[in-house]
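So the structure is just underneath, and the comments pick up after that.
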Amino acid sequence: QYLLVAHPLPLWSFFTGLIVGSVIYLMRQHPPTRTADKGLFVLGVVIAYGISIAPAVTLQGDHLTMFLAGSIALCAMILPGISGSFILVLLGLYPVFIGAIVNFQLDILVVFALGGVIGLMAFSRLLSWLLDHYQSAVIATMCGFLVGSLNIIWPWKQVTESVVSHSGKTIVLASDNLLPQQFAQIGGQDPQTVLCVMAFLLGLVLVLGLEYIGQKYSAKTAQAA
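For the sequence shown, my numbering begins at 7 and goes up steadily by one.
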């Protein structure tokens, strides 16, 4: 919550590094060698990017929205390389969820948890079946979604449309991505470029480092067996 409010640029840069690292990890594990898989990857990029530039939908964290978000986020965690927090970021509900934890909004947390449990029960078998029978296609599509969604969490933005909710919070409806120097010129704020690059690299190295450690551990386990 503190980082989200006080240091949003490095935080979004860190998330960007995590997503890029996840895509690299998944592509290494399941390279899209077939033409169909490459096409699905491109399709995933186009769909996710299209959603990111479409007219914004205001998500204010009502019970139904959080129920559906819980279902989607926890189902996504079944897939390798995907975190539920990524999904909340892409849905624009990460601040709402963090705020519910900090302020202990029990109703929001319970509804989110119920959505997650029901979502897992409803979709876990379907996802398992898809991964068993169409693993490369699912992974390629998922990587495409991740790459296309990077447009959403680009750190340097200029808000072009916003509204104030009933609780007094400003909700961003539309924004334009900027380069760091444009962000400084237009917004008159420090783009924190060096810090953002370091945060991005931290996220990237964290994912790839865990992959490296996991491979070493698996190799040692196999040798011991």
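Just so it is clear, CB atoms sit at the ideal spot from N, CA and C, and this is done for glycine as well.
The bridge partners DSSP lists for GLU167 are ALA180. Below 8 Å, enough C-beta pairs join the segment 47-54 and the segment 146-162 to call them touching: three or more. Between GLY121 and SER77, the beta carbon gap of about 4 Å places them in contact (Cβ cut-off 8 Å). Of all alpha-carbon atoms in ALA106, PHE151 and ILE93, the one lying nearest the alpha-carbon of HIS69 is that of ALA106. By the CB criterion at 8 Å, LEU201 and PRO14 fall outside the cutoff. Excluding sequence positions up to five before and after TRP160, its CB lies within less than 7 Å of the CB of ASN183, all in the same chain and listed in chain order.
When the five nearest sequence neighbours on each side are left out, no beta carbon in the same chain lies closer than 6 Å to the beta carbon of TYR223. Fewer than three beta-carbon pairs drawn from the segment 38-45 and the segment 210-229 are found closer than 8 Å, and the two stretches are therefore not classed as touching.
Taking the Cβ atoms as the reference, VAL213 lies roughly 6 Å from SER28, within the contact range of under 8 Å. Assigned with DSSP and collapsed to three states, ILE158 falls in coil, not helix or strand.
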